[in-house]
Structure formats: C-alpha cells, structure tokens
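Just so you know, UniProt numbering puts the end of the sequence shown at 370, numbered straight through with nothing missing.
Using N, Cα and C, we set each Cβ at its ideal position, and we do this for glycine too.
Here the structure is laid out as structure tokens; the discussion comes afterwards.
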Amino acid sequence: MMNTVHVELGARSYDVEIGPGLIAEAGARIAPLLARPRVAVLTDETVSGLHLDALRAGLGAAGIDMTALALPAGESTKGWPQFERAVDWLLAQKVERRDVVVAFGGGVIGDLAGFAASVLRRGVRFVQIPTTLLAQVDSSVGGKTGINSIHGKNLIGAFHQPSLVLADTAVLGTLTARDFLAGYGEVVKYGLLGDAAFFDWLEKMGPALASGEMAARVEAVTRSVQMKADIVARDETEQGDRALLNLGHTFCHALEAATGYSDRLLHGEGVAIGCALAFELSARLGLCSQEDPSRVRAHLKAMGMKTDLADIPGDLPDASALVDLMAQDKKVVDGQLRFILARGIGQAFVTSDVPREAVAKLLEDALASV
Numbered sequence: 001m002m003n004t005v006h007v008e009l010g011a012r013s014y015d016v017e018i019g020p021g022l023i024a025e026a027g028a029r030i031a032p033l034l035a036r037p038r039v040a041v042l043t044d045e046t047v048s049g050l051h052l053d054a055l056r057a058g059l060g061a062a063g064i065d066m067t068a069l070a071l072p073a074g075e076s077t078k079g080w081p082q083f084e085r086a087v088d089w090l091l092a093q094k095v096e097r098r099d100v101v102v103a104f105g106g107g108v109i110g111d112l113a114g115f116a117a118s119v120l121r122r123g124v125r126f127v128q129i130p131t132t133l134l135a136q137v138d139s140s141v142g143g144k145t146g147i148n149s150i151h152g153k154n155l156i157g158a159f160h161q162p163s164l165v166l167a168d169t170a171v172l173g174t175l176t177a178r179d180f181l182a183g184y185g186e187v188v189k190y191g192l193l194g195d196a197a198f199f200d201w202l203e204k205m206g207p208a209l210a211s212g213e214m215a216a217r218v219e220a221v222t223r224s225v226q227m228k229a230d231i232v233a234r235d236e237t238e239q240g241d242r243a244l245l246n247l248g249h250t251f252c253h254a255l256e257a258a259t260g261y262s263d264r265l266l267h268g269e270g271v272a273i274g275c276a277l278a279f280e281l282s283a284r285l286g287l288c289s290q291e292d293p294s295r296v297r298a299h300l301k302a303m304g305m306k307t308d309l310a311d312i313p314g315d316l317p318d319a320s321a322l323v324d325l326m327a328q329d330k331k332v333v334d335g336q337l338r339f340i341l342a343r344g345i346g347q348a349f350v351t352s353d354v355p356r357e358a359v360a361k362l363l364e365d366a367l368a369s370v
C-alpha cells in the first residue's frame, strides 16, 4: 500500500513516498542521498516523545547516525528565537554543505527546518518526514519554507525544495481528532479548487478517513499530493497557478492573526472556514450557484469541523479590522487583495477584482451570527 508521487522540477525533482511504515524504512530511503552516514534531525517535543525512537531505529537499520534537536511544539516556535536556536544548533553539529537535515514533525517544523536548511552554509539539502495530515498533504511538498513575523505569517522565508518526502500514513493514527480534522481542511481544499470528483469521493469516504481506514488515508494523501505536485511543477514560485493552492487562505491568515496564532484556531480549521467564506463570496458575486457554498458547509459540518466564525472561541475584531489584516497578506499585489474564488466546486480561479465592500459585508454578516 505504498504510492510515489514525483514532483517534476528538472534538476531539483524529488519523490514523495506515501504509505504506512515509512519511518521504519527511513534509513534505506535516505541513505542514497548521504555522503556520510549521519543526519541532523529537527523535531518538536511532542513528536520527539512519540516517534523519535522509531526514527532512530529506522535510520540505524541502515547504519545512519542521528543527532536531534526538539523544539517546543506549536505555531509560536515559527519565529526568530527558535529559528536562531535551530541554525546555531545545526552549525554546532558541524552540518556540512553535503549533509542532509531532516524535518521530522508537522508544518511548523517543516517550514522552520526547511528555511534553516536553505540559509545554512548558503543551502544544504533536507528531507521532509511530515507527521501530521496537514503537513503530509500540503506544507511538506513544494518547497515553501519560512517563519512568521510580527507583521504576519510566513513573511520571512525562501523557496527551497526537499530532496525527498516520506509521508508515513501510520503516524496519522497518533493525531488527536482535532489535529486530524484540521489537516482534513487542506484535503477538502484540493477537491474544491480543482477536482470535483475528488470532492465527491470525500463526501462518501470522509467518515472512513476520519475513523482510520488506511487505504482511504493513503488514497486521500496521494491525490492531494499529486494535485499539489502538478501545480508546483507548472508554477514553482507562485507567479500564477500556484496561487490556487491558497483557496481559503486569505480569510484564514486574517483569522489566524486575529486569534494571535494560538490554539483558538488551528491553520487547517482556518482553511476550512476560509473555503466556506470563499464559496459564499463567490455565490454573492454571482460566480457560482448558492448550492455550492451550502454543499461545502454541509460536508465540513458532517465531518465535525469548524465552518463559521461563530465556531472560533473568544471575541473577534470587526469586519473592517479583519479586512485590514487581509491586506498584510503576502499575496497582495500593488495594494490589491488577491482572492481565490470559484465558479463551482473544482473550478477555482485567482482574481484581484473583488470589491472591498463585498468582503466587508460578507464578514459583517458572518460576525452578526457569532
């Protein structure tokens, strides 16, 4: 039950291996990349407690030594202090330019470790071993790395492609239900942005995915990664098509900023709410039928996910303040907000032609129901 998705980027192409049991095989799969039998692993304290011994054994089976640094878990790690700590540690480990850094964790660790690898000695190779659903289907693939600033999310970073991605789907069984569903927000996004048949499949198979059916999980991760790989191959540095992957994210990033990047709202939860809002906005602008946002919300609700601003605990800023937060987004061009809207499920497109008043009115109405 092992699938491989190839990310075609010329000399920087790589494979994403997907299936259960890959951590145990990590040594055999990483060994061909190594000039000497040692790797430096960046992880977080939660993943370290659960899986680091298994990774050490998997690497050791191929005679590879491992040294590891566990950073605190959580979004707040994705900033300068822990980034500086990680880079200094890698230098103290005498990581050379021909060595490989391993990112072993969720999206926070993948983004931070990838960025550290991109600047260390002007660039060393790295391997992603994503341990959350969100990281397996999204952040570990495509080479976006970075950290957050007080000015917004992911504003400091680089495009630095991994040399290999090992997505061990058995590890998903150790996620909390909330973390699994947060990752599922990104899975749904792929169906909504470009594959209506995948969304149909998710409507049928979502409950099996959530309850742990391995074949369904491997299939969902594979289809998500394949779609992302195809888009990244066409547009690596987000000049055009790659922006489609940000469906729901313009709303999401504003909501994450409004909640202080805290546990009040996980990234994938923000994506799910953002997708619902993007479809609602599309319907209001006459781009898609009113049935489409209803169907999106119905599926998210059926999966037990956050779908509305009312589902976010605590107070939120007013609509005007939320629109101002959107204006901090990296995707702003000449001060114009770019939105990913849809002409239907599976038919997303990028536009800057969205009246600010329409966005503000949508958010006002959403806040009124809080």
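Practice task
Specify the secondary structure class of A164 as computed by DSSP and reduced to three states.
Solution key: For the purposes of this step, residue 164 is identified with residue 164 of the sequence shown, where counting begins at 1. Per the sequence shown, residue 164 should be read as Leu rather than Ala. In this structure, L164 counts as strand in the three-state DSSP scheme.
Exercise for the section: Give the DSSP-derived three-state secondary structure of D42 in the structure shown. Expected result: For the purposes of this step, residue 42 is taken as residue 42 along the sequence shown, with counting starting at 1. Strictly speaking, residue 42 in this sequence is Leu, with Asp absent from that position. Under the three-state reduction of DSSP, L42 is assigned to strand.
Practice task
Tell me whether the beta-carbon of L120 lies closer than 9 Å to the beta-carbon of V137.
Solution key: For this step, residue 120 is matched to residue 120 along the sequence shown. For this step, residue 137 is matched to residue 137 along the sequence shown. Taking 9 Å as the Cβ cut-off, L120 and V137 do not qualify as a contacting pair.
Practice task
Ignoring anything shorter than 3 residues or poking outside the region 137-214, list the beta strand (DSSP E) runs there in chain order.
Solution key: Taken in chain order, the complete beta strand (DSSP E) segments of 3 residues or longer contained in the region 137-214 are 144-149, 152-159, 164-168.
Exercise for the section: State buried or exposed for Q82, treating a residue as buried only when at least 16 other CB atoms are found within 10 Å of its CB. Expected result: Translated into positions along the sequence shown, residue 82 becomes position 82. Buried, since its Cβ has 16 or more Cβ neighbours within 10 Å.
Practice task
Could you tell me which residues DSSP puts in a beta bridge with D15?
Solution key: On the sequence shown, position 15 is the one that residue 15 refers to. Residue pairing from DSSP places D15 in a beta bridge opposite H6.
Problem - Assumed close pair D65, P37 - CB separation to whole angstroms, cut-off 8 Å - result: Residue mapping note: residue 65 aligns to position 65 of the sequence shown, counting from 1. Residue mapping note: residue 37 aligns to position 37 of the sequence shown, counting from 1. For a cut-off of 8 Å, the C-beta gap from D65 to P37 is around 6 Å, short enough to register as a contact.
Exercise for the section: Can you tell me which of D168, E236, A321 puts its alpha carbon nearest to the alpha carbon of M2? Expected result: What you label residue 2 is simply residue 2 of the sequence shown in a count that begins at 1. Comparing Cα positions, the closest option is D168.
Exercise for the section: Spell out a yes or no on whether the region 12-29 and the region 155-172 are touching, meaning 3 or more CB-CB pairs, one atom from each, closer than 8 Å. Expected result: Three or more pairs of CB atoms, one per stretch, sit closer than 8 Å, so the region 12-29 contacts the region 155-172.
Exercise for the section: Measure from the alpha carbon of G270 to the alpha carbon of each residue in G212, A170, G79, F251, then state which is nearest. Expected result: Sequence index remark: in the sequence shown, residue 270 carries index 270 (1-based). When the alpha-carbon of G270 is set against those of G212, A170, G79, F251, the nearest one is in F251.
Problem - Close beta carbons around A197, own chain, < 7 Å, minus the five adjacent residues each side - result: As a working mapping, residue 197 is identified with position 197 in the sequence shown. Shown here for A197: not one same chain residue has a beta carbon closer than 7 Å to its own, the five before and five after excluded.
Exercise for the section: Could you name the residues that DSSP lists as bridge partners for P130? Expected result: If you number the sequence shown from 1, residue 130 lands on position 130. Paired residues: G105.
Practice task
Determine the contact status of T174 and F159, defining contact as a CB-CB distance below 9 Å.
Solution key: Mapped onto the sequence shown, residue 174 falls at position 174. Mapped onto the sequence shown, residue 159 falls at position 159. With respect to the 9 Å criterion, T174 and F159 are not classified as neighbours on the basis of their beta carbons.
Practice task
Take A54 as the anchor and find which of A35, F104, G79 has the nearest alpha-carbon.
Solution key: As a first step, residue 54 is located in the sequence shown; it is residue number 54 there, counting from the start. For A54, the closest of A35, F104, G79 by C-alpha to C-alpha distance is F104.
Practice task
Please report how far the alpha carbon of H299 lies from the alpha carbon of E203, in whole angstroms.
Solution key: Here the question's residue 299 lines up with position 299 in the sequence shown. Here the question's residue 203 lines up with position 203 in the sequence shown. Answer to the nearest angstrom: the Cα atoms are 6 Å apart.
Problem - DSSP bridge partner residues for L71 (one or two, in chain order) - result: As a first step, residue 71 must be located in the sequence shown, where it is residue number 71. The partner list for L71 (beta bridge, DSSP) reads D44.
Practice task
Could you check how far apart the C-beta atoms of P304 and F199 are, in whole angstroms? I think they sit under 8 Å.
Solution key: The sequence position of residue 304 within the sequence shown is 304, counting from 1. The sequence position of residue 199 within the sequence shown is 199, counting from 1. It should be pointed out that residue 304 corresponds to Gly in this sequence rather than to Pro. In this structure G304 does not touch F199 by the C-beta definition: roughly 18 Å separates them, more than the 8 Å allowed.
Exercise for the section: Tell whether a beta-carbon distance below 9 Å holds between M214 and Y190. Expected result: In the sequence shown, counting from the first residue as 1, residue 214 sits at position 214. In the sequence shown, counting from the first residue as 1, residue 190 sits at position 190. In this structure, Y190 does not lie closer than 9 Å to M214 by Cβ.
Problem - L59 beta carbon less than 9 Å from that of I30 - result: Mapped onto the sequence shown, residue 30 falls at position 30. Mapped onto the sequence shown, residue 59 falls at position 59. At a Cβ-Cβ threshold of 9 Å, I30 and L59 count as neighbours.
Practice task
Consult DSSP for M305 and reduce its assignment to one of helix, strand or coil.
Solution key: For this step, residue 305 is matched to residue 305 along the sequence shown. The three-state reading of DSSP puts M305 in coil, since its state is none of H, G, I, E or B.
Handout entry: 9 Å Cβ cutoff met for A135 and F126
Key = Numbered from 1 along the sequence shown, position 135 holds the residue referred to as residue 135. Numbered from 1 along the sequence shown, position 126 holds the residue referred to as residue 126. Pairing A135 with F126 gives a Cβ-Cβ distance that is not under 9 Å.
Handout entry: Nonlocal neighbours in the same chain, by C-beta distance under 8 Å from L52, ignoring five residues either side
Key = As a working mapping, residue 52 is identified with position 52 in the sequence shown. Result list for L52: V41, T43, A68, A70, F104, in chain order.
Practice task
Could you pull out every residue in the same chain whose Cβ sits closer than 6 Å to the Cβ of W89, ignoring the five residues on either side in sequence?
Solution key: Taking the sequence shown and counting its residues from 1, one reaches residue 89 at position 89. Apart from the 5 residues on each side of it in sequence, W89 sits with its Cβ closer than 6 Å to the Cβ of L69 in its chain, given in chain order.
Problem - Spatial neighbours of R56 in its chain, beta-carbon cut-off 7 Å, leaving aside the 5 residues before and after - result: Looking up residue 56 in the sequence shown gives position 56. M66, listed in sequence order.
Practice task
Please confirm whether A117 and V124 have their CB atoms less than 9 Å apart.
Solution key: Numbered from its first residue, the sequence shown carries residue 117 at position 117. Numbered from its first residue, the sequence shown carries residue 124 at position 124. Contact: yes.
Exercise for the section: Please say whether V350 and G248 have beta carbons closer to each other than 9 Å? Expected result: Working through the sequence shown from its first residue, we reach residue 248 at position 248. Working through the sequence shown from its first residue, we reach residue 350 at position 350. Contact: no.
Practice task
Tell me V100's beta-bridge partners as DSSP assigns them.
Solution key: The residue labelled residue 100 in the question sits at position 100 within the sequence shown. Assignment of beta-bridge partners to V100 by DSSP yields R125.
Handout entry: Test item: CB-CB of A366 and L325 under 9 Å
Key = Walking along the sequence shown from the start, residue 366 turns up at place 366. Walking along the sequence shown from the start, residue 325 turns up at place 325. Judged by their CB atoms, A366 and L325 are not nearer to each other than the 9 Å cut-off.
Problem - Supposed contact pair A276 and T237 - C-beta distance, whole angstroms, cut 8 Å - result: What you label residue 237 is simply residue 237 of the sequence shown in a count that begins at 1. What you label residue 276 is simply residue 276 of the sequence shown in a count that begins at 1. The Cβ separation is near 29 Å, so there is no contact.
Problem - Element boundaries [beta strand (DSSP E), containing I340] - result: In the sequence shown, the residue the question calls residue 340 occupies position 340. Here the beta strand (DSSP E) through I340 covers 339-342.
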